[in-house]
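J.: In the numbering used here, the protein residues as written are 96 to 507. If you scroll down you'll find the structure; I have some questions about it.
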Amino acid sequence: MFIDEVKVYTRAGHGGKGCVAFHREAYRPKGGPSGGNGGQGGNVILQADHDLNNLIQQFYTPRLIAEDGHPGLGKGMDGHAGKDLLVKVPCGTIVWRLTPKTIPGFTPAPAQDVDPESDPDAEGEGDSESDGKSRPPMLASSTGHRPVFRRSGNEIAYEINLEQEAENERKGNSSRDKGERIADLTEHGQQFVLAKSGRGGLGNRNFATSRRQAPRFAQPGEPGEEGEFLLELRTIAEVGIVGYPNAGKSTLLAAISQARPKVAPYPFTTLTPQIGMVDYPKDYRRITVCDVPGLIEGAHNNVGLGHAFLRHIERCKILVMLIDMAGVDGRKPWDDYRQLLQELELYDPGLLKKPRYIVANKMDEPPAEANLKQFKRKVPKSRVLPIAAAFDEGIAAFKTLIRDGVDSAKDA
Ligand SMILES: Nc1nc2c(ncn2[C@@H]2O[C@H](COP(=O)(O)OP(=O)(O)OP(=O)(O)O)[C@@H](O)[C@H]2O)c(=O)[nH]1
Ligand SMILES: [Mg+2]
Numbered sequence: 096m097f098i099d100e101v102k103v104y105t106r107a108g109h110g111g112k113g114c115v116a117f118h119r120e121a122y123r124p125k126g127g128p129s130g131g132n133g134g135q136g137g138n139v140i141l142q143a144d145h146d147l148n149n150l151i152q153q154f155y156t157p158r159l160i161a162e163d164g165h166p167g168l169g170k171g172m173d174g175h176a177g178k179d180l181l182v183k184v185p186c187g188t189i190v191w192r193l194t195p196k197t198i199p200g201f202t203p204a205p206a207q208d209v210d211p212e213s214d215p216d217a218e219g220e221g222d223s224e225s226d227g228k229s230r231p232p233m234l235a236s237s238t239g240h241r242p243v244f245r246r247s248g249n250e251i252a253y254e255i256n257l258e259q260e261a262e263n264e265r266k267g268n269s270s271r272d273k274g275e276r277i278a279d280l281t282e283h284g285q286q287f288v289l290a291k292s293g294r295g296g297l298g299n300r301n302f303a304t305s306r307r308q309a310p311r312f313a314q315p316g317e318p319g320e321e322g323e324f325l326l327e328l329r330t331i332a333e334v335g336i337v338g339y340p341n342a343g344k345s346t347l348l349a350a351i352s353q354a355r356p357k358v359a360p361y362p363f364t365t366l367t368p369q370i371g372m373v374d375y376p377k378d379y380r381r382i383t384v385c386d387v388p389g390l391i392e393g394a395h396n397n398v399g400l401g402h403a404f405l406r407h408i409e410r411c412k413i414l415v416m417l418i419d420m421a422g423v424d425g426r427k428p429w430d431d432y433r434q435l436l437q438e439l440e441l442y443d444p445g446l447l448k449k450p451r452y453i454v455a456n457k458m459d460e461p462p463a464e465a466n467l468k469q470f471k472r473k474v475p476k477s478r479v480l481p482i483a484a485a486f487d488e489g490i491a492a493f494k495t496l497i498r499d500g501v502d503s504a505k506d507a
């Protein structure tokens, strides 16, 4: 299973509480306060790791909870600190802080304030009436921007202006509104503290003064930070290969790298993005290439595998448009090319600003030559590299093309 987006709940460790204790020892009457401090809680830390390629671990353990600090002890002993929780995520993980509005599945409460008597949840509790009275009044919005919170029992909801939401949806804002972006882990070993731990409380010996020599109190520890976050993986590859299903993307990736994606003569063989490392032994270079699942017409409307995987080419330096020049599936190569451009634009117009290279595959097939000539006429000013990935023809030229492409994109 390939997971590239996952919601996690995070809680850092609570600080341990301080201790109230008094020293007892033979021949030392009234030995004085000796309660130790509580230990600091553990932080929740994300660390980028280049050995991982998806967020499957967080999918199975979405609750990231660090150890609490231990309480202080007598005889001046401080509590142990809680262990930090180190969570490894793949390089390219972006962290979004989910505000209540952007928590997926969050449903707004009905617009009218909930009446405690008619509330079915509150009926079960014996003190529903007193509960109803003690409930804080609705927060009026002091400014036009503040949300209005509504409470019913333990539930808190806040009102959403559905009219405005619909407008946002029309403008296309809300579907990609994931909350506040707080981190981007790109380098191997890069760390980010997702939730800071709470401080341990001070023991009573810290509060002894000349006038208060026997303090009978200590501090409780502070709670650790908590919250819900969205982890999104946007793979970091230098080259992205896009094309229709069956164009031979996986065959090409297997030919240039050690990656071994499944190759088969039916559409949607590749269902998840595949990464390959292309080595250039002569000049000790290495380029990462990403093969995203095939795009088809209407992908922006979630036809086929939709646009979900295009996020993985957002950070590529160059794009390779791989076209099946033989038209094996009965489509015309120039139509494929235009359709691909359109789908990329519909996902993110910024993708079209990246340098892109057209590569014509399956040049070993009889109709390919004629199609290539017509393609050059229909798509003028385009430079096309002809290859036959399945027969290793043009692979060396392709490797040079992407290396030069990446180098010139870097300079730009
Ligand atoms: N004749 C010929 N066939 C090729 C060539 N390259 C790939 N194929 C065939 O085309 C079919 C599809 O290849 P894949 O590499 O699976 O295509 P893909 O683009 O990864 O397809 P999806 O994963 O389904 O999107 C396979 O049967 C390959 O053997 C080529 O250069 N010439
Ligand atoms: Mg494939």
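Yeah, the Cβ is synthetic: ideal placement off N, Cα and C, and Gly gets one too. These numbers come from a predicted model, not from an experiment.
1) Taking C-beta to C-beta, are M96 and I151 nearer than 8 Å?
2) Any chance the segment 322-337 sits against the segment 377-392, with 3 or more Cβ pairs inside 8 Å?
3) Mapping the DSSP letters down to three states, classify D144 as helix, strand or coil.
4) Between the segment 465-475 and the segment 424-436, do at least 3 Cβ pairs fall closer than 8 Å?
5) Using a Cβ-based criterion (distance less than 7 Å to any ligand heavy atom), does S503 qualify as near ligand 1?
6) Is there contact here, the segment 479-499 with the segment 434-453, by at least three beta-carbon pairs under 8 Å?
7) Compute the Euclidean distance between the alpha carbons of L326 and D378, then round it to the nearest angstrom.
8) Given this structure, state the Cα-to-Cα distance separating G298 from Y104, to the nearest angstrom.
9) From the DSSP output, which residues share a beta bridge with A455?
10) What's the C-alpha gap between G137 and K449?
11) Skipping 5 residues on each side, what residues in its chain have a beta carbon closer than 6 Å to that of N132?
12) Which residues neighbour ligand 4 when neighbourhood means a C-beta less than 6 Å away from any of its non-hydrogen atoms? List them by chain order.
13) Hey, G127 and H118 are a contact pair by Cβ (cut 8 Å); roughly how many whole angstroms apart?
14) What is the rounded straight-line gap between the Cα of A354 and the Cα of T367?
15) Return the chain-ordered list of same chain residues with a C-beta closer than 6 Å to the C-beta of I98, the five sequence neighbours on each side being excluded.
16) Please find out if some non-hydrogen atom of ligand 1 comes closer than 7 Å to the beta-carbon of D459.
17) G445 by DSSP, collapsed to three states: which one?
18) Quick check on the DSSP output: the alpha helix (DSSP H) that includes Y510 runs from which residue to which?
19) Measuring only the C-alpha atoms, how far is A313 from R306?
20) Let me check you understand the geometry: is the CB of A511 closer than 7 Å to at least one non-hydrogen atom of ligand 1?
21) Any heavy atom of ligand 1 closer than 7 Å to the Cβ of A492?
22) Assuming Y339 and G389 form a contact by the criterion Cβ under 8 Å, report the distance between their Cβ atoms to the nearest whole angstrom.
23) Can you grab the Cα-Cα spacing for the pair L439 / E100, in whole Å?
24) With respect to 7 Å, is the separation between the Cβ of G338 and the closest non-hydrogen atom of ligand 1 below this value?
25) If you drop the 5 nearest sequence neighbours on each side, which residues of the same chain put their C-beta closer than 7 Å to that of V115?
26) Taking V358 as the reference, which of A403, S345, I408 has the closest Cα?
27) Measure from the alpha carbon of Q434 to the alpha carbon of each residue in A394, V423, M420, then state which is nearest.
28) Which of the three DSSP states, helix, strand or coil, is assigned to K498?
29) Buried or exposed: which applies to G284, given that a residue is buried once 16 or more other Cβ atoms fall within 10 Å of its Cβ?
30) In terms of alpha-carbon separation, which member of D179, L147, G169, V337 lies closest to A161?
31) What does the Cβ neighbour count give for M458, buried or exposed, with the cut at 16 atoms within 10 Å?
32) Looking at C-alpha atoms only, which residue of A350, M372, A143, K183 is the closest neighbour of A484?
33) Sorted by chain position, which residues of the same chain lie with C-beta nearer than 8 Å to G239's C-beta, five sequence neighbours on each side aside?
34) Quick check: does the Cβ of A290 come within less than 7 Å of any heavy atom belonging to ligand 1?
35) Can you grab the Cα-Cα spacing for the pair I336 / V415, in whole Å?
36) What I want to know is whether the C-beta of G133 ends up closer than 7 Å to one or more non-hydrogen atoms of ligand 1.
T.: So, from the listed chains and residues:
1) The count along the sequence shown starts at 1 and reaches residue 96 at position 1. The count along the sequence shown starts at 1 and reaches residue 151 at position 56. Closer than 8 Å, so yes.
2) Yes, they touch.
3) Here residue 144 refers to the residue found at position 49 of the sequence shown. Here D144 sits in strand by DSSP.
4) yes
5) Sequence index remark: in the sequence shown, residue 503 carries index 408 (1-based). The answer is no for S503.
6) yes
7) If you number the sequence shown from 1, residue 326 lands on position 231. If you number the sequence shown from 1, residue 378 lands on position 283. If I take the Cα positions, the gap works out to 36 Å.
8) Translated into the one-based positions of the sequence shown, residue 298 becomes position 203. Translated into the one-based positions of the sequence shown, residue 104 becomes position 9. In a straight line, the C-alpha of G298 is about 31 Å away from that of Y104.
9) Numbered from 1 along the sequence shown, position 360 holds the residue referred to as residue 455. According to DSSP, A455 bridges with I418, P481.
10) Here residue 137 corresponds to residue number 42 of the sequence shown, with the count starting at 1. Here residue 449 corresponds to residue number 354 of the sequence shown, with the count starting at 1. Near 43 Å, if we compare the C-alpha coordinates of K449 and G137.
11) Counting from 1 along the sequence shown, the entry for residue 132 is found at position 37. Only residues of its own chain outside the window of five on either side were considered, and among them G113, G167, D173, G295, L297, G298 have a CB closer than 6 Å to the CB of N132, listed in chain order.
12) Ligand 4 is absent from the structure shown, which contains only ligand 1 and ligand 2.
13) In the sequence shown, residue 127 corresponds to position 32, counting from 1. In the sequence shown, residue 118 corresponds to position 23, counting from 1. Taking the Cβ atoms as the reference, G127 lies roughly 5 Å from H118, within the contact range of under 8 Å.
14) The residue you call residue 354 lines up with position 259 of the sequence shown. The residue you call residue 367 lines up with position 272 of the sequence shown. Here the alpha carbons of T367 and A354 stand approximately 13 Å from one another.
15) Numbered from 1 along the sequence shown, position 3 holds the residue referred to as residue 98. Correct list, in chain order: N149, L150, I151, F154.
16) In the sequence shown, the residue the question calls residue 459 occupies position 364. Because some heavy atom of ligand 1 lies under 7 Å away, the Cβ of D459 counts as near it: yes.
17) For this step, residue 445 is matched to residue 350 along the sequence shown. In the structure shown, G445 sits in a helix (DSSP, three-state: H, G or I).
18) No statement about residue 510 is possible, as the shown extent of the chain runs from 96 to 507 and does not include it.
19) Residue numbering aside, residue 313 sits at position 218 when the sequence shown is read from its first letter. Residue numbering aside, residue 306 sits at position 211 when the sequence shown is read from its first letter. Cα-Cα distance, rounded: 17 Å.
20) What the structure shows of the chain is the stretch from 96 to 507, and residue 511 is not part of that stretch, so it cannot be assessed.
21) Within the sequence shown, residue 492 is the residue found at index 397, counting from 1. Not under cutoff, so the answer is no.
22) The count along the sequence shown starts at 1 and reaches residue 339 at position 244. The count along the sequence shown starts at 1 and reaches residue 389 at position 294. Confirmed, Cβ separation roughly 6 Å.
23) Residue 439 sits at position 344 when you count from the first residue of the sequence shown. Residue 100 sits at position 5 when you count from the first residue of the sequence shown. In a straight line, the C-alpha of L439 is about 21 Å away from that of E100.
24) For the purposes of this step, residue 338 is taken as residue 243 along the sequence shown, with counting starting at 1. At least one heavy atom of ligand 1 sits closer than 7 Å to the Cβ of G338.
25) Residue 115 sits at position 20 when you count from the first residue of the sequence shown. Cβ contact annotation for V115 (same chain, cutoff 7 Å, sequence separation greater than five): G130, N299, R311, F312, A313, in chain order.
26) On the sequence shown, position 263 is the one that residue 358 refers to. Considering only alpha carbons, the answer is S345.
27) Taking the first residue of the sequence shown as position 1, residue 434 is located at position 339. Closest by alpha carbon: A394.
28) In the sequence shown, residue 498 corresponds to position 403, counting from 1. Note on identity: in this sequence residue 498 is Arg, with Lys being the wrong assignment. The answer is helix: DSSP assigns R498 an H, G or I state.
29) Position 189 of the sequence shown holds residue 284. Exposed, because fewer than 16 other Cβ atoms sit within 10 Å of the Cβ of G284.
30) Within the sequence shown, numbered from 1, the residue matching residue 161 stands at position 66. The shortest Cα separation from A161 among D179, L147, G169, V337 belongs to D179.
31) To locate residue 458, count along the sequence shown from 1; it is residue 363. Within a 10 Å sphere around the beta-carbon of M458 sit 16 or more other beta-carbons, which makes this residue buried.
32) For this step, residue 484 is matched to residue 389 along the sequence shown. Measuring from the Cα of A484, the nearest candidate turns out to be A350.
33) By 1-based counting over the sequence shown, the position of residue 239 is 144. At G239 the pLDDT is 45, less than 50, meaning the model places this residue with poor confidence and gives no usable figure here.
34) Taking the sequence shown and counting its residues from 1, one reaches residue 290 at position 195. No, the beta carbon of A290 sits no closer than 7 Å to any heavy atom of ligand 1.
35) The sequence position of residue 336 within the sequence shown is 241, counting from 1. The sequence position of residue 415 within the sequence shown is 320, counting from 1. Roughly 5 Å separates the two Cα atoms.
36) In the sequence shown, the residue the question calls residue 133 occupies position 38. No, ligand 1 has no heavy atom inside 7 Å of this Cβ.
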